[in-house]
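Notes to accompany the following structure.
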Amino acid sequence: MRTQFQIVPFIIFLLCLCTTKVQADSGWSSFEGRGHVMIDITKLDLSDLNSHLRSHGYAELSENNLSIGFGGYGIRKNNLIIDGYAAYMIPDGSSKSGYESSISGIIGTYNVGYLLYKNEHFRLFPLFGFSFGSLKLSVKETKKRDFDDVLYNQNESSIETDPFIALNIAAECKWIIWKKTDGDKDRHRGISLRVGYRRDMGNKRWYTKDGPKIEFSGPYITMTFGGGYTKI
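Below you can see the structure in the form of structure tokens.
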């Protein structure tokens with residue numbers, strides 16, 4: 001179940017790309033499509049988890065986490081936006097008493113939005129949708145050991161959460177920094193800044209009999225760089 005769910009964010013991303021391609025080929029007169037790489041800074045609610053780690057002598061975790069991934073969106077001629085991305089949360093660890101604790105995860109997001117403002121070099125639009133994924137807590141020894149000792153005496157453990165679903169609301173500004181006309185298309189490259197908030201739709205349970213509360217809730221900032229085109 002966990003392994004199958006981990007590919008859901010990437011399926012969402014592929015569906016967004018396919019949707020964008022179908023829209024682009026359908027003959028709409030003012031379609032705009034874009035693909036990009038992204039860096040995301042997300043704040044998680046880890047207060048209960050950090051309390052448990054502290055009580056067992058482990059280092060507390062930062063609630064600010066960095067993710068990297070790929071995404072894209074398409075804008076229809078009626079200004080409707082379909083947007084999505086898949087990202088990997090880079091493990092963020094802290095060490096104490098010879099052990100390192102870290103948290104990582106995967107995130108997939110699917111949004112719809114509306115183009116509020118557009119000119120030759122700027123776009124502004126709100127987005128609303130859902131985020132999906134799962135988180136993993138890892139605890140391991142920091143000291144180096146012999147290879148055979150690692151095989152016979154495993155001092156590392158990890159626990160994953162149930163899949164999460166979170167509501168997502170955001171606003172994005174996009175700046176076009178390069179543009180070239182090629183036949184009936186304007187090709188462009190640009191950067192964007194997205195500011196949003198996620199709200200977990202339920203407290204996460206660990207794949208254990210019990211465990212501390214953890215929520216995928218909080219504000220986030222996403223920066224992207226990519227390129228695309230507009231059908232004239």
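Using my numbering, the first residue of the sequence shown is number 1, and each one after it goes up by one.
Just so it is clear, CB atoms sit at the ideal spot from N, CA and C, and this is done for glycine as well.
Because the structure is a prediction, the values reported are computed rather than measured.
Contact between A171 and V195 is confirmed by a C-beta separation of about 6 angstroms, below the 8 angstroms threshold. For the set Y73, I177, E215 and L127, the Cα lying nearest the Cα of E63 is the one of E215. Here D48 carries a helix assignment [DSSP, helix/strand/coil]. The DSSP-derived three-state label of R76 is coil. Taking a contact as a CB-CB distance under 8 angstroms, the pair L44 and P212 does not count as one, their CB atoms being some 12 angstroms apart. DSSP, reduced to helix, strand and coil, places S157 within a strand of the structure shown. Closest in alpha carbon position to K96, among S217, L53 and S134, is L53.
Under the DSSP assignment, A170 falls in the beta strand (DSSP E) whose first and last residues are F164 to D182.
Taking the CA atoms as reference points, T181 sits about 15 angstroms from G33.
With 16 or more other CB atoms across the displayed protein chains lying within 10 angstroms of its CB, F132 is buried.
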